[in-house]
Each structure stands twice: as structure tokens, then as C-alpha cells.
Amino acid sequence: SDKDQTKAVFAQGRGISSVDPYNALGTTTSMIKFYMFNGLTKRDVKGKVVCDLAESMTKVDDNTWEFKLKKGVKFHNGEPFNAETVKFSFEMMNDPKYKFRLAKDFDFLKEIQIIDDHTVRLITKYPFAGLPLRCFNFTMLPPKYITEKGHAYFTKHPVGTGPYKLIKWLKGNKIILDAYDGYFEGAPAIKRVVYRVIPEDSSRVAALEAGEVDVISAVPTSQIERLKANPDIKVVTAPTTRVIFIGMDTIHPKYPTSNKKFRQAMNYAVDVPAIVKHIFHGNATRLATLIAPAFFGYSPNVTPYKHNPEKAKALLKEIGYKGDQVLKLSVAPGAYINNTEVAHAIAGQLQKVGVNVQVAELENSVARTQLLTKKNNPFYLLGIGGHYNDADLITRIAFGTKQRYSTFYNKKFDDLRMKAGSTLDDAKAEKAWEEVQAMLKEEAPAIFLYQQFDTYAYNKKLKNWSPRLDEMILLYGASLEK
Amino acid sequence: MREKILQVNDLRKYFPIKKGLLGKTVNNVKAIDGISFFVEQGETLGLVGESGCGKSTTARVVLRLLEPTSGQVIFRGRDITSFNSAQMRNLRKDIQIIFQDPYASLNPRMTVGQMLKEAFTIHDEKKGHEMEEVEKLLEIVGIRAEQMKKYPHEFSGGQRQRIGFARALALRPSLIICDEPVSALDVSIQAQILNLMRNLQRELSLTYLFISHDLSVVRHVSDRIAVMYLGKIVETADKHELYTNPKHPYTKALLSSVPIPRPGAKKERIILKGTIPSPLNPPEGCRFNTRCPMAQDICKTKEPEYREVGVRHYTACHFSQEI
Amino acid sequence: MATYITKRLLQAVLVLLGITAVVFFVLNLTGDPVELMLPPTATLDDIAAFRADHGFDDPIIVQYGRFLKGLCVGDFGTSYYYDEPALDLVLERLPATLELTLASLFMALIWGIPAGIISAVKRNSKTDVLVRIIALVGQCIPVFWLGIMMIMLFAVELHWLPTAGRGTFWHLVMPAFCLGVFTSASITRLLRSGMIDIMGKDFIRVARAKGLSQKVVVIKHAFKNAISSVLTLLGLQVAALLGGAVITETVFAWPGIGRLAVESIHNRDFMVVEAVVIVMALGFVLINLIVDILYSIIDPRVSY
Amino acid sequence: MWNNLKRNKGGLIGVIIIGLMLLVALAAGILAPHNPNDQDISQRLIGPFWTLKGSMDHILGTDNMGRDILSRLIYGSRVSLLVGFLGTMAGGFIGVVLGSLSGFYGGKVDNIIMRIVDVQLAFPFILLAIFIVAVLGPGLFNIIVVAAISSWVRYARLVRGEILSVKKMEYIEAIRSLGAGDIRIMFRHILPNVISPAIVIGTLEMARIILMEAALSFLGLGVPAHVATWGRMLSEGRVYIVTSPWLAIIPGLAITIAVLGVNLFGDWLRDYLDPKLKNA
Amino acid sequence: MGNSILEVKDLKVSFRTEDGVAFAVNGVDFTLNRGETLGIVGESGCGKSVSSLAILGLLPQPPAKVESGTIMYKGSDLLKKTDKEMQSIRGNEISMIFQEPMTSLNPLYTVGNQISEVIKLHQDLDAAQTRDKCIEMLTLAGIPSPEKRLKCYPHELSGGMRQRVMIAMALACNPEILIADEPTTALDVTIQVQILELMNELQRKFNTAIMMITHDLGVIAEMAHKVLVIYAGRVVEYADVNSIFDSPLHPYTEGLLASIPVLDDVKEELNVIKGMVPSPFNMPKGCSFHPRCPDAKDICRTEQPELYQAGDRQVRCYKYSSLW
Ligand SMILES: Nc1ncnc2c1ncn2[C@@H]1O[C@H](COP(=O)(O)OP(=O)(O)OP(=O)(O)O)[C@@H](O)[C@H]1O
Ligand SMILES: Nc1ncnc2c1ncn2[C@@H]1O[C@H](COP(=O)(O)OP(=O)(O)OP(=O)(O)O)[C@@H](O)[C@H]1O
Ligand SMILES: [Mg+2]
Ligand SMILES: [Mg+2]
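Chains as they are written, first to last, in the numbering used here: chain A, 237 to 718; chain P, 200 to 522; chain X, -7 to 296; chain U, 1187 to 1466; chain Y, 90 to 413.
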């Protein structure tokens, strides 16, 4: 039937937690949010920040950003989008009554000034270079609709400016979205999009092969070859914002990882290229630190540690490390692609230089709680990514003092990255970020590994779609052949 | 007159029936409801009655395997219902029991030798030469000593009953309560056991309380007989007296009901109507009134007194004189 | 009867109390829900403040007391993850699980009952041997393995059935089958031995001696007597089915409460886990009560 | 016993399967051609010898980490047996003790234990297992704890029931009338009669526990990764089900056959020890 | 012989069990006449029930196997009949009462249901007539207020009542033969008398031939016209009731009679048959009674005696043959 021709189905392993945009934590939930809502800015496929509902943005001074808004944008219910909308959304976000989970992310904002119907100014509390990126998540809410119907109703029947409208959310099962033909960038070609939750990897692949699903992500590495051989299916692998590393605890003195030389030795001992080659078939980018090439501030001048077990042994000898202690490496199986295999491979490599590392498999939330309460193992495999991952965010949460995932408390480092983060001049900022990376390499609070790629497989009938750096599968702009 | 080795006075045993949320006692099964009898040294007292009339309960209460609801059990002049556990342990050497079911009364997982030896171990007796004693015991009951290592299932019903006897005899008791010891046995085996019991009684000067529902068997083994009906003893007398001159209509009916293995020996039958009422709601007045062929109005209201109607002949019937 | 039901329900309350306590205390030992309630940018100080604000710092006993107090007025708490009433979430997913368990129960019964009867009646025949082998293997196959194998065969290779998810009748076939296999095997085996047992009873011989045909003897006299043991088994199997549903629901992407529970455990979504467990336990208790009542309907000797 | 076994084909098969498993588990060091944990990433996913890519060096092929499947299978039997056996023992011990207390003393003790049993029964088992593993972390010992917790109820109920019926037997009254005390009656006369049905339940429980270990591994909650177990092999292999189906099929079959063996043995044992237990 | 209705010849039944082959019935011959009661006595396990089940074709096969013999009923061999043919005979022409009234009724159905079942099966009656017939039968069986009893479940009745129901059921279709397998063993004496009296009365009324199986010689003496004594699966003596009791021929019969205490005749010492019944798995060679027989001779230990004719009686003992 007609309907079938324009229905696209995509599937991932997890369901979403909410359709309330300001409570949308996590990549999957955010992804569905961006079908229905727009921010002032957005990230393009490659991760670059560009305008979305804004026509243009300019820095007025260190703490003031001016956004000109697009005209003629309408919410699904016909309500117009204008400066008032921005102010309303900001006030809503900050209203303590709602306890929005995203509110924390926007506490750099002081106020919104309406200049005219389609111009607003965002005033920050301190200079914040990451503002344009952050605004991507500052999605616009319909003031009239929410005022009339109330927030509770809104969370069940969300209305946004996005290309799709929510039809049905069957929790843990699927989400049905229908095209919003009045979308300001033009009506979507695919009239209905269905998101399905299929937790089991093999079932998900099977569903794609059976033609029930058009796009899947997180294709198991082992399946790639075979799916490539399927004439109906296309497999693409693309980098993501997710960066994987093995954190080393520097705050517990009883751990040898509190010794800088030890940490450096670990970086020498690990053969990351071999892991990338064998476990990922090349589908990962080795990183010198945590900052991926796509991030603003990436410096090619800071090069990765060379695989050099001899040097590692020498360093260990230098500090007199005996290797008599069993050191645990936590990993939460299934949290990231092939992470258990990586953990085991690394444990093996570390054992070869005389460090007795054993893998401890933990349930993801147990592992995270351990980190949160700093009752962690000396080594922990961790990945940080998501739709607004950038140099600032990742260096902060991974290695900032008193950050939830950090076991590296270093005042000098904090100062360095804060300076970089608040420098609004691009050239100066790049310089500052290079310093940050150099320091990270030197201090080695982690065994730096790679930027994760995600592998998508999709039905060849799907056209004009490509994977995004931020791991979201967005089908606006794509079309489905008969 | 011989010594009364056991005297039971107005003994009662009620089993409470609990119901409802809080397990309130709503009623009682009056399994035995005020019985009195005595057993004299060296005699056999037969206790007969139909199924469910409380014979086994009597046996268990006398042994204090069940605690009586009220009444006295006087053994050799001492009321054992108030004995503490140490006293009871000691008393256990004196009173023993044999059960009806030869299959249920031996532990299937112990050899006969182990089982018999246990009697001594419990009471710390015959240290060191228990096995000799076990052999002696088996010999007494007519089982070859080499069969000591066998398990109960390797024996026939009659042999098991002998082993049960051996166990009861181990501690040289003076009173043995036999709860239907031959009911489950074939006639030819039954005769073997009855003869054994009789011989042992003579040799070891035992006293028996012999429980059975088979009047022919009871008559064969007993000196005196007590007849039970629905938790009460309705008549007690010397064997001969009871069989020739029953003073209770129930006893009469019972006697007349027993088939005689002699063709043509048909006699006057008293066929009772109906069945035994439930001990949950025993009839008012005389318990037998619902089935009694000669019941009068008084029987429905007034419980007859249990009194002496002849020499060592007791009965509980309003009209015992007219029988 | 009424007293009996009241008594059972009171006991059920005790059981539920026990279960909620176990869940609450164990979950609290396993991790921290706050982890998931704040964006990654939140610092340790933010987290501490948040925690104090939401009462996560109170002693567990106090938290549990609060939870119980809520329960008394029908408040199962709010999901940390979904930010919605926990009970609503469970009730929303309950139909899926009910559908799955009932379908699998149905499958188990339509195979298990005839198979058990035939196997018992034709004892030691070839059919019996075959049925027994099938039942035995059914009890030995890991459910998830069977599920994956079936998806490969019926969905990917043959395209007969959809791979996963809930929707049409056809979506139900594989998961229900998978889940039903073990139960059906148990029913077959139990019914077989029950029937063999009953077939040796005196009243069966009497029924035969009346001249009744084999069919009447088996169905009217033997089966009705044997069914009570199956009923008891079914009551207990409910727990197994609900447990098995957790795995089956994962393999077949079935959006039931089993998977909700697993996800919620991973998310440390205490309230949802509590709600699922309470609902499951309540289901178990009720089903067993129903079984008991059915029992007394089938068997006039049983009265409460 | 042996004669009886010879006549019972199922039991014989069961004993042979269990015997082989025991042998394999004990002699794993000798039988396994490779170290089960030797990874060789360049040798990953080689098929069994009968497939195109297969070689005799890895008879059953290699897994995603290049480990020899046969060797892992051989070492895996250890875990299955160990978890199965110790889990059964632990569960059996708890269950028998509690069941005995409950049955022997009755009253309050009975009431309390039976309420715990109710709670346990009404608790969906897999969720409980997930809980326990989540608290204790994955690990051999913890899996055994889960196994024990999940199975004690069956013993407790059985033992309680048996004790209630044994308690009424005349030989218990006989021994009591000989003057024996509670302890003697309990240990010498009641428990021995309850043990054999408990052993029968034990074999069936062992089968269940082996399946359970596999199920927990499937959910990622099994023993730690460096230990080869069938459940984990299956769980890891399942994503390769289409490309390298043997990865999932072989351990799946191993589990099924092992469980079958234990079940067959248990069925026979039940018939042998106690024909009246057929309905348990 | 025109009066005879059932003739059993050389019936042999064995059981194939895990412990070997049990020879349960090793040669049973007898004739049952119309309106007559045949008493069958013997100790537990001697094959009384198996023989009677064989007549109705109710032996569980396997493990049971009829090794040989014929059971002639109205001129045809019951052993050769199909199951369908047997079904129309069972409960209709030949019916049976079992020992255990407690377990012989299906606990899940009302008494009415279970009686009407047999009536509906063999008689062409409508519902109301069936009901009337049920009530009539219950009344005959001496059950008070039968209308009420129809609605009772078995557990609501006492043992004696249940046995009456069984009798009502067995007689519902006016059978030619009633096989009563220890109908009163489980009952109290006062109830036993009631039941035996009832059976006598009904026999007089319907002229039913009764096979009365029991191990109680008292019951035999009161009920039977002829007596069949079985030992270890074989008929050892077959005679009319008076001769058996007055002058038992076979040493076993003799021993049996002497070993029972008799109510109105006090014996000091009971006579004892030494030893035990042989196991059906392991029958002694020769006469199966010889290990217990006071008179056994060499020939008894080697050769199986036949059933010898002694006057109008039959006895399986060499004493009455020319070989003695
Ligand atoms: N533990 C008990 N709880 C409740 N009622 C009981 C208990 N034991 C016995 N009774 C009841 O007490 C009554 C007498 O029982 P008892 O066993 O003493 O009878 P009996 O004369 O020995 O009968 P039988 O000849 O059948 O052995 C019966 O009605 C029985 O149901
Ligand atoms: N189903 C069976 N399987 C094996 N052997 C059996 C079976 N039924 C009966 N027997 C054997 O047949 C023999 C005769 O049994 P039967 O039931 O006829 O004895 P009976 O004379 O009726 O004894 P009772 O007085 O105990 O009822 C017994 O030794 C018994 O072991
Ligand atoms: Mg009794
Ligand atoms: Mg019989």
C-alpha cells in the first residue's frame, strides 16, 4: 500500500526514557527528541555546529551571544516560533518546579533578552565557548500549548517544531512518528518513521535481514562481512563522538596507578593499533588522548604513545614495581562495542610487561556507582560520548577534580582546561587545547585508546541517509525507494 | 487378688479441631471420653471395639505418646501423667508397645540388629555385649541370629511382627500393649504369633493389654475383656462371663455378628442398624442409643453409669438387668 | 471458604512485605539510582546536593518506611528513569506479559495434556517413548538458545515468522512456543506419572468392571483425578513462566514486564523494580489461590 | 543397583553422560589440546574441521578471540559440574536443614520457615538471580550462592512433607516408646528416610542449575570472563550465530546433553530409590 | 451340568516384572452354577483376585499374561473375546465388587452419577427412568433416603454405605454372576453382617451366581455353597461347604481350619502351619505345599500333584491318589 512505501523502521537496543525534551538524557532519548524538536543550533552529520532555528549567531561580547531567529517556523499545532518562544523555553527550563534533568547543563546562562520578535540575546554567567554546541540541546517549546494544556499533558502529547510528530510511544516496544508536512525545511520524504527496541544483538540483525527493519546501528563486528555480502543491505562504518579509554586511578595512593611513571608505562605497554586492527578490523581511530579529530581543539601535534613494551618494562623497573599485586580492570560487558574483548586483550598485554591485571566484569551501573563513590578498581574501561561531547565536556568529566567519572584530581590541569573552555577566540583556544592535550599525554591519567566507530547496516532502498558523528539515526532528509 | 499393674481412671483424650483465621478450637474429636479400667499383673486384658472407637488412642495415651486431656494413668501405683521426661524415660523400660502394621513399625533403613541394639543404647544398658543380647532376643521370638544383618523388607509380615516383639521385649518390660498385632496377618501366620505371645507370657510373666477388633482372637488370648464403643468402655468382664452372659446390648450384638466357621452354625443374629456415629458429635445420653435395638427414651437423655453388675463384671447400660 | 480466602490474602500480604523488603534492601546494596538521574555534567557536589534533596541520604530503613507508607495508599513511587508513576509503567507493560504467558500456557496445555494422557495410557509403547523423549529434551534445552535458533530458522532463513517485537499474532508464535516448551514438558511428564498412578487405582478397575470403554475410563475417571496434580504444578509454574519470560522477552524484544524489570534493575530504577516484583508476586499468589479454589471445585473432598 | 541400571536404558545413558562429563572435567588438563584461554586474534573464528576453513589443529574451531573451542568446551564442563554440584549441595543443605526444623518442630518454627518459603516461591527466580549477581558481582562462588538460594525451597518443602509423614510412622512411635529423645529420633530415624528423596530432587535440581548458569551467562551475569563456561561460550557465540553458527550450537548442545544426562540419571534414581516419588 | 454358567479350566496367569516372572495363578479350575455361591478362600497373594480379574478381562496386560486356560461363559470363551465384547458383558452380565469400599468409588463424582453410568451404558433407559432405577437399586441395597444419597460424594458416606453403593452398582443390570472380592474385609463386624445379609437376600431375589472371595473362613461357612481352597495359585481343594468344614481333605485346608480361633469354641493352643507361603517368583518343585506339609513324602517334593477326584470332591494331594 501507499503507506508502506514511505514507512521506515529503525532499531536499537534500548528504549527511551521520556519524550519530554528537557528530561531527555542519553543518546537514544535525545535522538527521538530531535525528530520532534529543534534547538537554536544543531550539529551537522560531521559534528560541526551550525544554525538550526537560528538564522545566525554572533558573539557580542564575552558574555553575550546574539541569535537571529528563522521566520515562519511553526510548531506542529500551528503556533509560531519567535523570540518569545526562546524566553519561555529558557524560563521553563529553569523553573525549579519541574526539576528538569537537563537544567544543570544550562546553568551557564544568566538570562534571555528579547531584542525584537526574531532576535534574542543569551547572556552567560561567565565566558563559555561551548555555548553554540550546548544550544543544540536547548530545544524550543510551544508556549501557548504548554500554558493551556499544562506540562503534564505536554509530556504525553509533545508538540515541537521538528520534522516528525509523535503518534504513539509503546514503551519498550516502539515509537511511531509521522511526518510534519509543515516542517520549516520542507516536508519529510518518509511519511512514517518507526523506532523499534530490539535488545538482543542477534535478533536485531535478524530483523534487518528479514526486511522488517531498515536501519540498525551497533552491528556486531563479526556480522559486518556477512551483511556486506547481502545485496539488499549496505553496511557503513562511521566515527562517533564516543571516546574509549582505560581510566587509571590516581587518587588512591595504594594503587600503583597513582604513580605517573607507572601510568606512562601502561600506555607504552598497550598495543592499541593491534587492537584496532584485529578486534575492530580498523573501524576505530586511535587517539593520543581523549580529543577526537572532529572536536574543536584537536591537535595533531600531540601524538599517541608508541607501543614499546621494553620501555614500559624499563619504566616499571625504574620505579621498582614488583608486579606482585593483582590489579583489577573493571569492564561492564556490553556497555560499548567489543569492550570486553578489548579489556581482555589489554589485560593480556599488560601481563606481558609484568603487571598482573585481571579483568573484573561488572554490571554497568555497579561499575558506574563504584566510580561515583570512588570505590573503583585501579583500571576501568570507560567510554564517554553523546551528542554534545566535545573537548571541554570530555576533559572535564573524565579528568576534572571532583567529577563523577574522574579519578584524576589535578589543580593545574583544571586551570588549563578551564582556560581553554572559556577562551572565545578560536585561535587562542586551539592553542590552549593543545596544551591541555600535551599535559594529558604527559600525566597519562588513562590508557588512551580510540575513538569508537559505529557500524550501521541499512536497507539499500534507503537513500540520502548517512550516519552521524553523534550516533543518532535521523531520517529527515532521507527517502525510501520502492 | 493380683496386683493391679495398670489402672486407668476417667481418662480422656480430645483432639481439637481448629478453624478460622486465628485457629480457634471449634470442636473436639472425643477419641476417648472418660474410660476407666485396670490390668492385673500377669493377665491379658483384651480391648475390643470397632474401627475408630478409640482403641489405639487409649494405647498411645497410656504410653504417653499422646498427652491425655484429663484423667489418670496409674502404673504400679504411680500416676504417670505427671511424670517428667527423666521419669518417663525410666518408665519406658516397663511399658512397651507392638503395632498393627508390620510394614510401618520397623525403620526400613536399619538392619534388625541395629534396631534392636538401639533399645540398649538408649538406656545405656548391656554395654559391650549388646549383640549377644540381640541374638538372645531374636532366638526368643524364633528368628535365626544370622538374620540380624537383614533389613525389614527382607522379612515377611509374620517375621516382622516377631521382630517387633523382640524390640518390645528388649528392655524386659512388665506390660506390653499390643495394638492389633495380628490384624494384618494371614490366618496361618496369625496362629504362629498368637502362640508365640502366649508362650512368652508364660515364660517371662508378661502382662498384656491386647487390642483387637476380632472377637475370636480376643477371646482366644484374653483373661478379661473390655468392650469399647465410641470413646467409652461399655462393658468389662472375665472372658467366659462376657461371652456367655453379656450385659450390654452392644456386646451382645457384636458377639452375634461374628461369623462362625462352621456351616449351619447359624444363630440368632442381632443386626444393628446404621453405622457408628462420629466422635465429633457423639449422641446425647447413651452413646449407643442410635443403634441400640432396645433403646428407650431415657437412653437418649441420660448417660448410663458404668457400674458393677456381677463379679468383676462392669457395664454401662440402663437396662443391663433385663438383658 | 471466605475465611480461607481471607487467611490466604493475609498471608499474601506478609509474603509481599517480605518481597518488597528483599527487593528494597538488595537493590540499595547494588548501586545508586542518582547516577542515572543527572546529566554527565553534574559534579560530585551536585550529586551530593541532589541526593540530600531527594532523601537518598536517609538510612535505608527510613527510605523503606517511606516506600511502605506510599504503598499503603497505593503509591508505588515514581520511576527514576521514566519519571512517571512506577505502577503505571508496569500496568502499561503488563498486557504484553500476560499475552505471552497465557499464549505459552495455552501452547503448553494443548501439547502437554494430550501427550501426557496418551503416553500414560499407551505406556511403554513407541508413542510413549517418543513423547517422553520430546518431553525430556524439552526440559533440557536452554530457552534462549532455542529462541535464537528459531529466529535464525523461521525468521531469517524461511521468512515464515517475524523476528522479534510485539504486534500481530505471528509475532507471538515463537516467543510463546519458546516459553511454553519447558512448561509443556513438565506438564507432560507430571500428567503421565499422575495418570499412571491414577490408572492403578481401585476405582479405575471398578469403572472398567462396569463395562465402560477405555475412552470414558481415561477421560472421565482418570484424567479428572490426575488434573489436580497438573493444577498444582501450573500454580508453581507461573513463577517459572514469569521468570522465563524475562529471558524470552529479551530474545524476542517482547515489551513485557520481565524486560522492564531487567532494564530497571540495570537502571537502578528501584520503584519500577518494586512494582514489577509486587505485581508478579501478587500474580503468583492470586493464581495459586485460584488453583486452590479450582481444586476444591474439582475435588469435592477438598473444602476450606 | 547395577542390574537395575542395566535394565533402564535412560538411566544407563544418563550415567554414561555424567561419567564422561566427570572424566572430561577431571582430565581436562590432559584432554584439552590447547590452553582454553590462549587468545590468538589472528586465528579467530576458524570453523570446525569439517567446514571449509576448518583445520585439525582446532577440531571444533575457534571463537571470536581465537580460542580453541574444544578446549574451552572441555574446561567448561568443570564449571558446569562444579556449579551444578556445589549449588545443589549448598541448596540441598540449607533446604534439608530448614525443612527438617520446620517439619520436626512444627508450630512457630514451621510457620516462619514456610512464610520464607512463600516469599521465595513468589519471587520470580531470574530477577532474584539478577539481584544477587548485581550485589555480589559475577563470579563462580556467587553463581553457586544464586543456585543455592534458588533451589533450597524445593528441598525444604519436600523434606518437611516427608518428615511430617515419617513422623507419623509407627516405628517412630516405637522408638519413642523405647525412650529415645528428639535428637536421636531426628538424626537416626527420620533424616535417613528423608535423604533419598532429597537426593532425587538434588539430581533434578542439578540439571536446573546447569541451565540456570547458562541463562545467567546469557544475561551477562555468569562467572567471570576468564573462566570458560558453556553458558558464556553460548552467550558470546550468539552474535555469530549466522556467520559462525558452531559457536553457539556446540555449547548449546553440550548444555542440552549434560542436562539430559543429569535428568535421565535423576529419573532413574527416583524410580530406583523411591517409586512413590514419581510426582515430585 | 445345564445349570452351570461359568466354567474355568486350567487358568494360568503370570506377571512379568522387573524382579522376574511371578507365577500368580498356576492352575485354577472350577464351575459356577446359577444361583449358587462359590466361596474362594486362600491366604494373601495366593491368586484369588488375579483369577477373578482374569474372568472379567481386567488384568493389566502387560505385565500380566494369561498363560493358558479357558473361561467358558454361556458357551463361549471369555478369554477369546474382544475388548468391545467384554465391555458389554462387564457390569451387565458379570459384575464385581471389590475389597476396598473406600477407594473403589471415584471421589470426584456423585454416587448417583456413578450408578447411573452403568445403567445408561447397558440399558436403554431415559434420564428419569435411569434415576428411578438408581433409587430402586439404592433402596434394595438398604440405603436410607436414597434420593438424598444420590447427590452425595463418596467421601460423605461411611465404609458400609459405600459398599452398599458398590453392591447397588454391581446389581443394577441384574448380572448373572457377581464376583465379590473380599467385600467385607475392610468393614467392622457389625457392618459386615449387614452386608452379608444383604448379599444373601439379593441372591435369593435375583438368583445371581456369586463368587465370594475371602480369607475369612467364617464368612465362607455362612455364605458359600461350594468352596474352592487356593494355595499358591493352585486349587488344592474343591468341595461343598459342609464337607470342607467337616472333613477337610487337603493338609492345607486342615491346617487352616485348625489354626483359627473360633468364637464359641475355646482352644488352648492353636494349631500352626509352620513356615510361610512360597514366593510366586520361586515356587517349590513338586507340590507347592510340601515345605509346610506335615505328611509330605518324597513324591510330593518332586512331582506336581493333579486335582484328584475324591468322591464328589476334588483335592490336589497325593494322599487321595493311587500313588500314596
Ligand atoms: N491425631 C488425631 N487427630 C484428630 N483425630 C484423631 C487423631 N487420632 C485419632 N483421631 C480420631 O480419634 C478416633 C479414635 O481413633 P483411634 O485410632 O484410637 O481408633 P481405633 O479404635 O484404634 O480404630 P482402628 O480400629 O481403626 O485402629 C477416631 O475417630 C480418629 O479419627
Ligand atoms: N500387577 C501385578 N504385578 C506383579 N505381580 C502381581 C500383580 N498383581 C498381582 N500380582 C501377583 O499375583 C499374586 C496373586 O495376587 P492376588 O492379588 O490375586 O492375591 P490375592 O489372593 O487376591 O491376595 P489378597 O488376599 O492379598 O487380596 C501375588 O503374589 C502378586 O504378587
Ligand atoms: Mg487403631
Ligand atoms: Mg485380593
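Quick reminder that beta carbons are idealized off the backbone N, C-alpha and C, glycines included.
is_contact[residue i, chain U] using C-beta, thresh 8 angstroms
i, result
"A303/P", "yes"
"R291/P", "yes"
"G235/X", "yes"
"Q55/X", "no"
Partners in chain U for residue i, counting only beta-carbon separations shorter than 8 angstroms
i, result
"V602/A", "A1320 and G1323"
Extent of the continuous alpha helix (DSSP H) run through residue i
i, result
"R522/A", "Note, R522/A: premise wrong, no alpha helix (DSSP H); beta strand (DSSP E) at A520 to R522."
"A44/X", "L36 to H46"
"G509/P", "Premise fails: G509/P lies in the beta strand (DSSP E), R506 to G509, not in any alpha helix (DSSP H)."
For residue i, the first and last residue of its enclosing beta strand (DSSP E)
i, result
"V97/Y", "S93 to T106"
"G158/Y", "A153 to Y162"
"H512/P", "H512 to T514"
Residue i: CB within 7 angstroms of a non-hydrogen atom of ligand 6
i, result
"H412/P", "Ligands present in the displayed structure are limited to ligand 1, ligand 2, ligand 3 and ligand 4, and ligand 6 is not among them."
Cβ-Cβ separation, residue j to residue i (assumed contact under 8 angstroms), whole Å
i, j, result
"A501/A", "A548/A", "4 angstroms"
"I620/A", "V512/A", "That belief does not hold up - the Cβ atoms of I620/A and V512/A are roughly 18 angstroms apart, past 8 angstroms."
"L338/A", "N259/A", "7 angstroms"
Under 9 angstroms from the C-beta of residue i: neighbouring residues of chain U
i, result
"D437/A", "R1424 and V1425"
"Q687/A", "Under the 9 angstroms cutoff, chain U gives no residues; its nearest Cβ is about 20 angstroms from Q687/A."
Partners in chain Y for residue i, counting only beta-carbon separations shorter than 8 angstroms
i, result
"R418/P", "P350, L352 and V355"
"A452/P", "T279"
Test: residue i CB closer than 8 angstroms to a CB of chain Y
i, result
"A369/P", "no"
is_contact[residue i, chain P] using C-beta, thresh 8 angstroms
i, result
"P1219/U", "no"
"F378/Y", "no"
Where residue i meets chain A, residues with beta-carbon distance less than 7 angstroms
i, result
"E27/X", "S601, R604, T605 and L608"
Chain-ordered neighbours of residue i on chain X, where CB pairs are closer than 7 angstroms
i, result
"S253/A", "Y73 and Y74"
"L1441/U", "Looking at the sequence provided, one finds Ile at residue 1441/U rather than Leu. Simply P134."
9 angstroms Cβ cut-off: residues of chain X touching residue i
i, result
"P196/Y", "F195, N217, D291, P292 and R293"
Proximal chain U residues relative to residue i, where beta-carbon distance stays under 7 angstroms
i, result
"Q321/X", "Residue 321/X lies beyond the stretch modelled for chain X, which goes from -7 to 296, so this question has no answer here."
"W246/X", "Near W246/X there are no residues of chain U at all, since even the closest Cβ is about 14 angstroms away, more than 7 angstroms."
Interface flag, residue i vs chain X, CB-CB below 8 angstroms
i, result
"M145/Y", "Checking the sequence, you will find Leu at residue 145/Y rather than Met. So yes, L145/Y belongs to the interface."
"Q212/Y", "no"
"M90/Y", "Its pLDDT being 42, under 50, M90/Y is placed unreliably by the model, and the measurement read from it follows with that caveat. No, no contact with chain X."
Within chain A, partners of residue i - CB distance below 8 angstroms
i, result
"N259/X", "S601"
Under 8 angstroms by beta carbon: chain P residues contacting residue i
i, result
"A1366/U", "E317 and I321"
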